[in-house]
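Number of protein chains: 2
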Amino acid sequence: MDIDIQLIEQSKIDSVDFNNLTFGRTFTDHMLVCNFADGKWQTPQIKPYGPMLFEPSARVFHYGQAVFEGMKAFKDDNDDVFLFRPDENFNRINKSAERLAMPHVPEDVFTEGLKKLLEIENDWIKKGFGNSLYIRPFIIATEGAIAASPAEEYQFIIICSPAQSYYAGEVRVIFAEKYSRSADGGVGYAKAAGNYAAQFYPTSLAHKQGYQQIIWTDASTHQYLEEAGTMNIFFRIGDKLVTAPNNDRILDGVTRKSIIQLANDNNIEIEVRRVSVSEIKEAARLGELKEIFGSGTAAVINPIKGFKHQDYVFELPELTNSYASLFKEKLLNIQYNKSEDKHNWRVKI
Amino acid sequence: MDIDIQLIEQSKIDSVDFNNLTFGRTFTDHMLVCNFADGKWQTPQIKPYGPMLFEPSARVFHYGQAVFEGMKAFKDDNDDVFLFRPDENFNRINKSAERLAMPHVPEDVFTEGLKKLLEIENDWIKKGFGNSLYIRPFIIATEGAIAASPAEEYQFIIICSPAQSYYAGEVRVIFAEKYSRSADGGVGYAKAAGNYAAQFYPTSLAHKQGYQQIIWTDASTHQYLEEAGTMNIFFRIGDKLVTAPNNDRILDGVTRKSIIQLANDNNIEIEVRRVSVSEIKEAARLGELKEIFGSGTAAVINPIKGFKHQDYVFELPELTNSYASLFKEKLLNIQYNKSEDKHNWRVKI
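Chain order of the listed sequences is A and B.
Read in order, the letters of the first sequence correspond to residues 652 to 1000 in this note's numbering.
Read in order, the letters of the second sequence correspond to residues 652 to 1000 in this note's numbering.
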């Protein structure tokens, strides 16, 4: 595959303090851009990262045709670089695109384009447990026309941001009672841009009550726990894990499915089924609720310290041998090439 | 209010064929742009319409923080220019912004900014019934950071597109059975960008069956008819009109509320209540379903020729004295300053 490559003259890498990174604010020297026009994807370009020109009438600004992925590149002690299950991200961005009536990105543009970009940005991928290069592939509708119909022009773009180990502080959550994230027949399963903006206001209301995130419940009854918006959610009752099944409301998370596999590999009982609010509250009352944790690419595993539902407030116990830390260690060891990888999740660049 | 004004050197108006306009593809010479930064709205600018620079990490591309309005300016035979209920659009863009955790646009930026822009673009507003200048105010999150949280930088932009009388061709609709547009507790009532992209794929499936639009039903049961995505919907059963009530799933349409008022003014019985699919199908079977029409700023009133639900297909009768044409005429007469305007909907610029 041809890629037009235009390198920067002077890297900005020396101006970056890699020990004080705010998530998602620092970008590497280059980005990949591929235009879709005249019914096909054009030759991808790798060029200096920076502002780009867009028509103010571009449909992404008006009708939200925008989907994305989140991935990470890891560097081991031998300076080898790895991705984690990148085929999952490739497949998912195209599922998301399809749901928003956008064209599929070809596999070579996604895979070879990303590989080439990572080769060029190799110095931005820092060694050390927790360090990574966060990768953000996304597709947006760029055609300048404000009729409410699918665009005929798009851009597929990959930008990269160096990241340290993600620590969100202590996270307590509210179980949603009024607001909702997605409905049956909607776009909740897609990584569609509009799914995220819709959560910001309810989340800001949670912040005012001292809670950092919301665990979304089904929009129809608010009786079943679904996902946290940027994370899938697991509950540990006794020694058993439960997590909601995938459906058209819940994102098919890569970390989520890896945890389910790791649970099976490690003889940890796991049930993938609907999880009711009343079941979790009852388990909490009986002292059987041991852990709640979220899973996602950015945070890997994010332990939840407590939850609130209506007037009920529960603080989770401190555990020394939590499943959260077990899975996080196993995932990181695979990602950083420190352990066996029997499912071939690790892909060397 | 200060406005920085930079006029174009040479208007492109002479290159535009005003008798052959495709909706939303031609834009006037200027646009209004107002930046939100450091916690406040800056001095608005009116400047030449054209591509603008955006960070590829701008949150609008990733998290869909984007809301908009649709308005029209009309010119009467004396060259006076009018807006239709612009306060409704101003109030609604801020309701939409609030739901997406975006800052409110100040009234003077919206109102005086738009007035000034229309004065400058006066030649683009063509006389003649059906001609108008379509106005698109919108707010987008421009801050270059990909953390999934509300942006701290935004742009409020107004672009304008000359429009002719809108004719969408014959419109037949499918009542949604599987896909959904919005849920209780969601953002369906907001003019949020993501609401539109989510409809494109289901609508493309309807197209394949020979139907132009979908009438969305409630996501939980698919038993109640709600709106058509870009239009509110009215049903005429016998001589009575029915339309769904506003709630957090349905847009509070300006044309919709004007029709409800006009119905009251003209002693046409109208019920604002839940409208069930089964009721409409039963009325169709009994020969009592006389009309279905959509209402919205772009189309004003859009008569529906037929509908499909499951295996049931119904073709609406041809009426000589339809409510659709009655309301359309009354609305246009008010908008073009051809009739009395007892509710003061018309606002002279």
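Just so it is clear, CB atoms sit at the ideal spot from N, CA and C, and this is done for glycine as well.
Exercise for the section: Say whether chain A places a C-beta atom closer than 7 Å to the C-beta of alanine 798 of chain B. Expected result: yes
Exercise for the section: Give a yes or no on whether the minimum CB-CB distance between methionine 652 of chain A and chain B is below 7 Å. Expected result: no
Practice task
Going by CA-CA distance only, name the one from A:Val732, A:Arg925 and A:Ile919 that's closest to glutamate 877 of chain A.
Solution key: A:Arg925
Problem - Contiguous alpha helix (DSSP H) assignments of at least 4 residues, all confined to the region 918-994 of chain A - result: 928-936 and 974-986
Problem - Members of the region 679-708 of chain B near chain A, C-beta cut-off 9 Å - result: Met682, Val684, Tyr700, Gly701, Pro702, Met703, Leu704, Phe705, Glu706, Pro707 and Ser708
Practice task
Below 8 Å on the Cβ atoms is my guess for lysine 726 of chain A versus lysine 766 of chain A; work out the distance and round it to an integer in Å.
Solution key: 15 Å between Cβ atoms; not a contact.
Handout entry: Interfacial residues, the region 742-760 of chain A to chain B, with Cβ spacing under 9 Å
Key = Glu749, Arg750, Leu751, Ala752 and Met753
Exercise for the section: List the residues of chain B that valine 638 of chain A touches, going by C-beta distances under 9 Å, in chain order. Expected result: There is simply no residue 638 of chain A to check, as chain A begins at 652 and stops at 1000 in what is shown.
Exercise for the section: Look at the alpha carbon of arginine 907 of chain B and the alpha carbon of alanine 914 of chain B, and state the distance between them as a whole number of angstroms. Expected result: Computed Cα separation, rounded: 11 Å.
Problem - 7 Å Cβ cutoff, arginine 787 of chain A in contact with chain B - result: yes
Problem - Euclidean distance between Cα positions of isoleucine 865 of chain A and phenylalanine 735 of chain A - result: 27 Å
Problem - CB contact check: proline 801 of chain A to chain B, cutoff 7 Å - result: yes
Exercise for the section: Step through the CB atoms of chain B and report whether any lies within less than 7 Å of the CB of tyrosine 862 of chain A. Expected result: Closer than 7 Å: no.
Problem - Exposure label - leucine 1001 of chain A; buried when at least 16 CB within 10 Å - result: Here chain A covers residues 652 to 1000 and nothing more, so residue 1001 of chain A does not appear.
Exercise for the section: On a CA-only basis, which of A:Asp890, A:Asp653 and A:Asn740 is nearest glutamate 922 of chain A? Give me that one, please. Expected result: A:Asp890
Practice task
Could you tell me whether any Cβ in chain B is nearer than 7 Å to the Cβ of glutamine 874 of chain A?
Solution key: no
Problem - aspartate 644 of chain B (DSSP reduced to helix, strand or coil) - result: As displayed, chain B neither begins before 652 nor continues past 1000, which places residue 644 of chain B out of reach and without an answer.
Practice task
Give the C-beta separation of glycine 947 of chain A and isoleucine 955 of chain A to the nearest angstrom, bearing in mind that I take them to be a contact with Cβ-Cβ under 8 Å.
Solution key: Glycine 947 of chain A to isoleucine 955 of chain A, Cβ: 13 Å. No contact.
Exercise for the section: Quick one: list the residues of chain B neighbouring histidine 713 of chain A, beta-carbon separation under 8 Å, in chain order. Expected result: Ala717, Phe719, Arg787, Phe789, Ala844 and Tyr847
Exercise for the section: Note down, in chain order, all residues in the region 813-831 of chain B with a beta-carbon under 8 Å from any beta-carbon belonging to chain A. Expected result: Of all residues in the region 813-831 of chain B, Ala827, Lys829, Tyr830 and Ser831 have a Cβ within less than 8 Å of some Cβ in chain A.
Problem - Cutoff 7 Å; reference asparagine 988 of chain A; Cβ partners in own chain excluding five residues on either side - result: Asp727, Asp731, Phe733 and Arg997
Exercise for the section: Flag this pair as touching only if the region 679-687 of chain B and the region 696-709 of chain B have three or more C-beta atom pairs under 8 Å; answer yes or no. Expected result: yes
Handout entry: Min CB distance aspartate 835 of chain A to chain B below 7 Å
Key = Residue-level contact check: aspartate 835 of chain A touches chain B, since one or more beta carbons of chain B fall below 7 Å from its beta carbon.
Handout entry: Expected contact under 8 Å - CB spacing of phenylalanine 789 of chain A and phenylalanine 712 of chain A to nearest Å
Key = That pair is no contact at about 14 Å.
Exercise for the section: Residues of the region 873-901 of chain A with a CB closer than 7 Å to any CB of chain B: list them in chain order, please. Expected result: Cβ contacts with chain B: Thr881.
Practice task
Below 8 Å on the Cβ atoms is my guess for arginine 900 of chain B versus glycine 861 of chain B; work out the distance and round it to an integer in Å.
Solution key: 27 Å between Cβ atoms; not a contact.
Handout entry: Residue nearest to aspartate 916 of chain A in terms of C-alpha spacing, selected from A:Val822, A:Glu739 and A:Glu991
Key = A:Glu991
Problem - Backbone CA spacing between leucine 658 of chain B and isoleucine 776 of chain A [nearest angstrom] - result: Going from the Cα of leucine 658 of chain B to the Cα of isoleucine 776 of chain A covers about 47 Å.
Practice task
Could you spell out the range, first to last residue, of the beta strand (DSSP E) harbouring alanine 719 of chain A?
Solution key: The sequence shown places phenylalanine at residue 719 of chain A, not alanine. Run containing phenylalanine 719 of chain A: 717-719, per the beta strand (DSSP E) assignment.
Practice task
Return the first residue and the last residue of the beta strand (DSSP E) that leucine 672 of chain A is part of.
Solution key: That residue, leucine 672 of chain A, is in no beta strand (DSSP E); it is neither H nor E in DSSP.
Handout entry: Other residues of its chain near asparagine 897 of chain B: CB distance less than 6 Å, five sequence neighbours each side excluded
Key = Same-chain partners within the cutoff: Asp903.
Problem - alanine 798 of chain B vs phenylalanine 674 of chain A beta-carbon contact at 7 Å - result: Less than 7 Å separates the beta-carbon of alanine 798 of chain B from that of phenylalanine 674 of chain A.
Problem - CA nearest to the CA of phenylalanine 958 of chain B, picked from B:Ile884, B:Lys981 and B:Ala849 - result: B:Ile884
Problem - Residue environment, proline 968 of chain A, which counts as buried when at least 16 other CB atoms sit within 10 Å - result: exposed
Practice task
Starting from the N-terminal side, write out each stretch of the beta strand (DSSP E) that is 3 residues or longer and does not extend beyond the region 677-723 of chain A.
Solution key: As for any beta strand (DSSP E) of minimum length 3 sitting wholly inside the region 677-723 of chain A, the runs are 681-688, 696-699, 703-705 and 717-719, ordered along the chain.
Handout entry: 8 Å CB neighbourhood of arginine 676 of chain B in its chain, flanking five on each side removed
Key = Ser812, listed in sequence order.
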